[in-house]
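To start, the structure itself, in structure tokens.
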Amino acid sequence: MIICGRYSFNNGLEYIQEKYGLLLTEIENIITNVNASVCKTKESKEITMPGRMLYSPKDLNTGFTELFSKRGWHKQKIKCEYPKEFYEKNYVPKPLKEGAFREMDFLKESLGIEVQFGKYAFMVYNVCAKMTIFRNFGYIDAGVEIVPIKEFADEMSTGVSYFEQIVWDLEKRGVSDIDVPVLIFGIGNEHTAKTGG
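Residue numbering for the sequence shown follows my numbering, starting at 69 and increasing by one per position.
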């Protein structure tokens with residue numbers, strides 16, 4: 069993989085460079101060592117591109133997981149204990165299924181990482197909600213979001229989120245006083261480096 073873009077949200081780049089410089093170098097090395105070419109394993113069944121071979125988000129995630137795990141990064145879960153006092157008095161809820169949780173893809177020291185090859189809503193949720201929740205629980209003080217650039221997302225199933233989307237939204241949204249410093253990496257495959265985008 070190659071790093072095609074960086075977006076510093078709430079001074080994320082500056083904060084992470086200063087406090088987690090070695091981890092930042094480690095993250096960059098992991099990204100560039102993920103072999104995207106072996107992840108083009110998904111045959112499209114979509115009407116707009118039948119039979120076309122696409123990059124598999126599952127396989128890409130496996131590649132990241134293997135490399136982050138080897139470097140001592142781990143997943144972190146927070147159990148969800150949903151409040152009951154906000155229901156209307158005349159409503160008696162059925163018991164909720166036990167075991168709900170929120171999970172951070174990778175955590176080391178107090179730096180959290182999310183790798184997102186899914187739908188757009190998940191990408192925004194990671195930066196604007198999940199990272200704040202994990203900070204409030206004392207697990208992280210900064211985050212990194214790794215997402216494909218548009219050109220790379222176009223080689224996956226339709227609906228995959230991309231770097232240019234989240235940068236536009238965060239630029240237009242602005243920073244809130246509850247936001248965590250986040251560095252967003254836009255990544256591409258090896259072909260992107262040859263074509264120049």
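By construction, the Cβ of each residue, glycine as well, lies at the ideal position given by its N, Cα and C atoms.
As the crow flies, the alpha-carbon of Ser-229 is around 12 Å from that of Glu-223. Look at Met-199 here: in three-state DSSP terms it is helix.
Counted as a single uninterrupted DSSP element, the stretch harbouring Tyr-75 is not any alpha helix (DSSP H) but the beta strand (DSSP E) occupying residues 70-77.
Taking C-beta atoms as the reference points, Phe-136 and Met-172 fail to come closer than 8 Å. Under the three-state reduction of DSSP output, Glu-177 falls in the coil class, being neither helix nor strand.
Burial state of Cys-72 is buried, judged by a 10 Å Cβ sphere holding 16 or more other Cβ atoms. Just measuring C-alpha positions, the residue of Met-191, Asn-204, Asp-209 and Gly-242 sitting nearest Ile-217 is Met-191. For Met-224, the secondary structure class from DSSP, reduced to helix, strand or coil, is coil.
Non-local C-beta neighbours of Ser-76 in its own chain, meaning closer than 7 Å and more than five positions away in sequence, comprise Glu-82 and Leu-251, ordered along the chain. The segment 179-189 and the segment 155-167 do not touch, with fewer than 3 CB-CB distances between them shorter than 8 Å.
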